[in-house]
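These protein sequence lines map, in sequence, to chains F and G. Just so we're aligned, residue 1 is where the first sequence starts under our numbering, counting upward by one. Just so we're aligned, residue 1 is where the second sequence starts under our numbering, counting upward by one. Glycine included, each C-beta is placed from N, C-alpha and C at the ideal position. In this text, all values refer to a predicted model and were calculated from it rather than measured experimentally.
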Amino acid sequence: MVRRFNRGSKRFYDGGVFTGGVRKQSAHYSAKIFFNGGLTVRMGINYAASRAEYPLFLCEKHAGQAGKILKEDFMLTKKDLLGLHNTSAEEIIEILDRAEEMKALLRKNRKAEKILSGTALITLFYENSTRTRTSFELAGKYLGASEVNISASSSSVQKGETLIDTGRTLDAMKIDFIAIRHPLAGAPKLLSENVNASVVNAGDGMNEHPTQALLDMFSMREKFGGIAGLKVAILGDIKHSRVAKSNLFGLKKLGAEVYMYAPQTLMPMEIEKLGAHVCSSMEEAIEGAHCVMGLRIQLERQKGGLFPSLSEYSRFYGVKDSMLSLADKDAIIMHPGPVNRGIELTPSLIDGSSSVICEQVTNGLSVRMAILTLLKEYREKNL
Amino acid sequence: MKYVIKNGSVVFKDGVKKCDILVEDGRIARIAEDIQSDGDVLNAEGLHVFPGLIDMHVHLREPGFEGKEDIESGSKAAVAGGFTQVCCMPNTNPVNDNAVVTTYIKYRAEQVGLCKVHPIGSITKGEKGEELAEIGKMAAAGAVAISDDGRSVMDSKIMRLAMEYASGFNLRCLAHCEDENLADGGVVNEGLNSTITGLKGSIRAAEDIMIAREIALSESLGIPVHICHVSTYSGVELIRSAKARGVKVTAESCPHYFCLTDDVVTSFDTYTKVNPPIREERDRLAVIEGLKDGTLDCIVTDHAPHSKKDKQVEYSLAAFGISGIETSFALSYTKLVKECGFTLSQLARLMSAAPAAILGLDGGTVEEGGAADITIADLAAKYVIDGEKFISKGKNTPFNGREVYGKIAYTIVDGEIKYAAR
């Protein structure tokens, strides 16, 4: 059992094996936890002040290994953020912690920090997007990065310059970060292998959308204090949803349980092997859930024969007001947006007190600011 | 020309025996334990002598796609891989759907003069699945089979007519089995790994439905049919049960289906993209079992060379295919003989006698009076596959870095040494 207690301005954790303290480092809006075993962990002050999940996690993970130094400092281990499938729990927590610091900046309306000054960010979008793109742009601008947008229509994917050539061109312009959205799975990985810049996946086909999942997890942690033990219901077009996939990967790594419900035509094969509970009714998915996440249904799926009509979809697979009573009393309603009002979720759920849909947007900005900052630190140390 | 291949371990239908082989005028004149000759001697001490390998499913890309491969580079690669005869698929540009193209391929292959190249004509004009190609004229020009490889003939009536019509020229249909509506543009096997990667999956049933259709047509008509590159466990089972009730169906598979599982696609490496897709462990094991019990008659490569620009793109946009002709023997020997207990005679049947029998080609065995098509291999030689060293223009192999046994030492076609390892 891990206990946490205060001593003056410092906080100490006693995990039976590890004990340590938090020291404020004013220059970094962050802190280090020193464990007796020699393990040092950077983390956000806000986080350290609120919940003891991370030390708990570490103590449980490393119980009995006192004295063994694992890493001097937790940082991202790769130059790119391509997805959560290949991102460790430690890295995810690092990003969420840093995002708390960033949110504190936003709360104080301090948008002129120069953490990223001298760097350049390009948003390279081969698909339309409003919120993700704007979020990346502002994340860069608020922290002082130079910022440029490139819009490429999907048709130019098929002809004209190859993605590798585009990447090399951008690299030659000395770009530090590329946030890419692309209709084809794996495109950010291909780009990342051919550029020096750090590539952040802003959504690739049916593969991943890691920044969305991170902001979802951030929102959950903000509400419930931690991720481990949460029940998360994800409802709707799972098959085509990179958001659902990234959430599944990330949430499982941090110890949440993920329940999914969708028409069979919109449920990807063998997703239960990735740890998802595939439900046979919406009630089963929502019962006791802490988070109820709706996914956008795209009308073109109807033409593809995946469901007969929007009204039928809404009747059987839309979340109704009454269902919220099945969920945990503190349950939050989430949606990656844009929402089809009255289809995936009823308007009263979207606008109700349980909804964190707008807060998700603010959190998205915080998470992306955190990712760019962490990648910059990685680049300074490793490249 | 007259010489003796001395002291090699000769792989016969029913076992391996140390023998000498007298080659005279392009034929095998005599096989005996100790042949004295005043002519030249090819020392095969420590080496194994196989019947010349035959690959009945390759793509030589000429005419039309010479950037990927041409008949000369493909022939050089073939003899380096131990192949004395290859059959090339018709998806060239223009499609080999008429005698002019068939004749051109034969002419170019003779000019190159390395391995024997047998053109396969298309089933339908332009491989469009609509009207029959000029099957009779292509047969007269030297086509040994017909196929719309890369595509299924989706209209069952056209396929029926093609099988009936081609039987009059003693040509067999080689069926690429893929229900295009069901496959729906899938690029990898549909399953856990398509879910992980978000790459569009193609379900096993898309292949199995067409295998079942071809079997049904063959059974109803009493006309033989050959199933190309079987990749699913369920497809193997369909063929096994069809053969058990006497349907005249033959089938092939490829090294990538019995060496790899679709775990390789999670790397997004486009060299793993092939059609049908690499599937799962149960499929891989079923293909090996099928090759062992004769359900699958032969090993082919589906050699599909591509240029870098066709592969260095997003996975979904990359071309399908693996450059396989230079690795087929070593992969098959290493996986099947060394790891799975196949005999060398079984391997020789799968890679030589069986394709010869299916298509009615000369060769396929080492026997007196037969053509001196011989492949000599050093089975003890170990090496690491490196696609960049391929002779083929296509460097696209998913086997880079894999350690294999079995180097081709000599490839002999009609008595002439067409390839000798350095």
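Rounded to the nearest whole angstrom, the CA to CA distance from Ile376(G) to Phe342(G) is 19 angstroms. Ala421(G) sits exposed, since fewer than 16 C-beta atoms from the chains shown fall within 10 Å of its C-beta. Excluding five sequence positions before and after Asp40(G), the CB atoms of its chain that fall closer than 6 angstroms to its own CB belong to Tyr3, given in chain order. By DSSP's assignment, Ala120(F) forms a beta bridge with Ser146(F). Of the residues assessed, Phe390(G) falls on the buried side of the cut-off, its CB having 16 or more other CB atoms within 10 angstroms. Non-local beta-carbon contacts of Thr362(F) in its own chain, meaning distances under 8 angstroms to residues more than five positions away in sequence, involve Lys103 and Leu106 in chain order.
Close partners of Lys231(F) in chain G (Cβ separation under 7 angstroms) are lacking, with about 22 angstroms as the shortest Cβ gap. The beta-carbon of Thr162(F) is placed less than 7 angstroms from the nearest beta-carbon of chain G.
For the options Thr261(G), Asn275(G), Lys395(G) and Glu164(G), the alpha carbon positioned closest to that of Thr327(G) is the one of Lys395(G). Interface residue (Cβ-Cβ distance to chain G less than 7 angstroms): Lys79(F) is not classified as such. At a cut-off of 7 angstroms, the C-beta of Ser316(G) has a neighbouring C-beta in chain F. Taking CB atoms only, Val313(G) has a neighbour in chain F less than 7 angstroms away. Put simply, the CB of Gly186(G) is far from chain F, with every gap to its CB atoms at 7 angstroms or more. A distance below 7 angstroms between beta-carbons, with the five flanking residues on each side excluded, links Ala213(F) to the following residues of its chain, in chain order: Leu84, Val243, Ser246, Asn247 and Gly250.
Rounded to whole angstroms, the separation of the alpha carbons of Leu235(F) and Met267(F) is 10 angstroms. Distances from the CA of Ser220(G) to each of Val187(G), Met163(G), Ile278(G) and Ile227(G) were compared; the closest alpha carbon is that of Met163(G).
DSSP places Cys259(G) in the helix class (H, G or I) of the three-state scheme.
Secondary structure note for Lys18(G): its beta strand (DSSP E) is the uninterrupted segment Gly15 to Glu24. With contact defined as three or more Cβ pairs closer than 8 angstroms, the segment 18-32 of chain G and the segment 347-357 of chain G are not in contact. The segment 161-233 of chain G contains, as complete alpha helix (DSSP H) runs of 4+ residues, the segments 180-183, 192-197 and 204-221 (chain order). Interface residue (Cβ-Cβ distance to chain F less than 7 angstroms): Glu45(G) is not classified as such. Against chain G, the beta carbon of Glu208(F) has neighbours under 8 angstroms at Gly198, listed in chain order. Only Pro268, Met269, Glu270 and Ile271 from the segment 246-271 of chain F bring a Cβ to less than 8 angstroms from some Cβ of chain G. Of the residues Ile146(G), Ile385(G), Ala354(G) and Ala140(G), the one whose Cα lies closest to the Cα of Gly129(G) is Ile146(G). Taking a Cβ-Cβ threshold of 9 angstroms, none of the residues of chain F is close to Ser231(G); the smallest such distance is about 17 angstroms. With the criterion set as a beta carbon lying under 8 angstroms from some beta carbon of chain G, the members of the segment 271-292 of chain F are Ile271, Lys273 and Leu274, in sequence order. In chain order, Ala185, Gly186, Lys189 and Leu190 make up the part of chain F whose C-beta sits under 8 angstroms from the C-beta of Phe268(G). Contact of His85(F) with chain G by beta-carbon distance below 8 angstroms involves Ile196.
Taking the Cα of Lys239(F) as reference, the smallest distance to any Cα among Gly191(G), Tyr271(G) and Val144(G) is reached at Gly191(G). If you draw a straight line from the Cα of Gly255(F) to the Cα of Asn196(F), it comes to about 34 angstroms. Spatial neighbours of Gly290(G) in its own chain (CB-CB distance under 8 angstroms, excluding positions within 5 residues in sequence) are listed in chain order as Val230, Val236, Ile239, Arg240, Ala251, Ser253 and Leu296. Thr334(G) and Tyr405(G) do touch by the CB rule: their CB atoms are close to 5 angstroms apart, below 8 angstroms.
Considering only Ile164(F), Ala228(F) and Glu94(F), the residue with the shortest C-alpha distance to Gly186(F) is Ile164(F).
Within the model, the alpha-carbon separation for Met89(G) versus Ile223(G) is close to 21 angstroms.
For Ala32(G), the uninterrupted beta strand (DSSP E) run begins and ends at Arg27 to Ala32, by DSSP.
Cβ atoms of Thr261(G) and Ser323(G) stay farther apart than 8 angstroms, at about 20 angstroms.
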